[in-house]
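So the sequence shown is numbered by our numbering: it starts at 3 and just counts up by one. Only one structure is covered here, and it is reproduced in the block below.
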Amino acid sequence: MAAPFEGLFGDTSELRVIQFLLPLRKLEFNVSELARGTGISRQTMVSVTKKLTKWNVLKLTSKHGNANYYAINDDSMFVEAFETLNNCIIEQMVGQEELNRIANYSLEHSLVCIDTLTPPQSSYIKGVECSETPANVWLRPSQTNRSDQSEFKESQENSKIGIYLGGSNNAVAA
Numbered sequence: 003m004a005a006p007f008e009g010l011f012g013d014t015s016e017l018r019v020i021q022f023l024l025p026l027r028k029l030e031f032n033v034s035e036l037a038r039g040t041g042i043s044r045q046t047m048v049s050v051t052k053k054l055t056k057w058n059v060l061k062l063t064s065k066h067g068n069a070n071y072y073a074i075n076d077d078s079m080f081v082e083a084f085e086t087l088n089n090c091i092i093e094q095m096v097g098q099e100e101l102n103r104i105a106n107y108s109l110e111h112s113l114v115c116i117d118t119l120t121p122p123q124s125s126y127i128k129g130v131e132c133s134e135t136p137a138n139v140w141l142r143p144s145q146t147n148r149s150d151q152s153e154f155k156e157s158q159e160n161s162k163i164g165i166y167l168g169g170s171n172n173a174v175a176a
């Protein structure tokens, strides 16, 4: 199966880098690592990283000796748009039924650990330990009003039929 962007927009070096880094948000890579990971020559990767950094898609995260390390820029509206587009393309390629199957499998094999939730969220499910939390209860960190049962039920129903992809305020079923 062709990679999502490649199937629709062709195969450019810039798209390869974006597609490679989208699922690896918190990781940083130097130019050589990016070149190896994407199959692009190191020389081409130097110009691609400069261009994507200029457009705020990549950010320079650190320097170790002569090596610059880059990561996807989570604060960039371009990255948000690429992620949304990527998810739409994947949905078209895979189909909604297959996404539902993946989401259901993922939810059946994962638990929500309330020990790591902030006090308003952890007090919402009183007396439930991590090991006792049902897999179909999936809380979004953006939910702050725990007195509204309808919001929780909506979140629970949404978690049964889909995976929240991307964005720092969304739960991602893994």
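Heads up, the beta-carbon is just placed ideally off N, CA and C, and yes, glycines get one too.
By a C-beta neighbour count over all protein chains shown, 10 Å radius and 16 as the cutoff for buried, is residue i buried or exposed?
i      : result
Asp13  : exposed
Thr51  : buried
Thr40  : buried
Asn68  : exposed
Leu62  : exposed
Tyr107 : exposed
Arg103 : exposed
Asn75  : buried
Pro31  : In the sequence as displayed, the identity of residue 31 is Phe instead of Pro. So Phe31 counts as buried.
Asn58  : exposed
Going by DSSP, name the residue or residues bridged to residue i.
i      : result
Tyr107 : Per DSSP, none; premise fails for Tyr107.
Ile92  : For Ile92, which the question treats as bridged, DSSP gives no partner whatsoever.
Asn70  : Lys65
Beta-carbon of residue i versus every beta-carbon of chain B: anything under 8 Å?
i     : result
Ser64 : In the structure shown, chain B cannot be found, because there is only a single protein chain.
Mapping DSSP to helix, strand and coil, what is residue i?
i     : result
Asn75 : coil
Leu29 : coil
Thr63 : strand
Asn58 : coil
Ser43 : coil
Thr51 : helix
Thr86 : helix
Would a C-beta distance cut-off of 8 Å place residue i and residue j closer than the cut-off?
i     : j      : result
Asn70 : Val19  : no
Glu16 : Lys53  : yes
Glu93 : Leu101 : yes
Met47 : Leu60  : no
Taking 7 Å as the line, does the beta carbon of residue i fall inside it for any heavy atom of the ligand FMN?
i     : result
Asn88 : By its list of ligands, the structure shown contains no ligand whatsoever, and the ligand FMN lies outside what it can speak to.
For the structure I just gave you, are there three or more beta carbon pairs, one from the segment 17-35 and one from the segment 76-90, closer than 8 Å?
yes
When the Cβ atoms of the segment 84-92 are set against those of the segment 32-48, are three or more pairs found closer than 8 Å?
no
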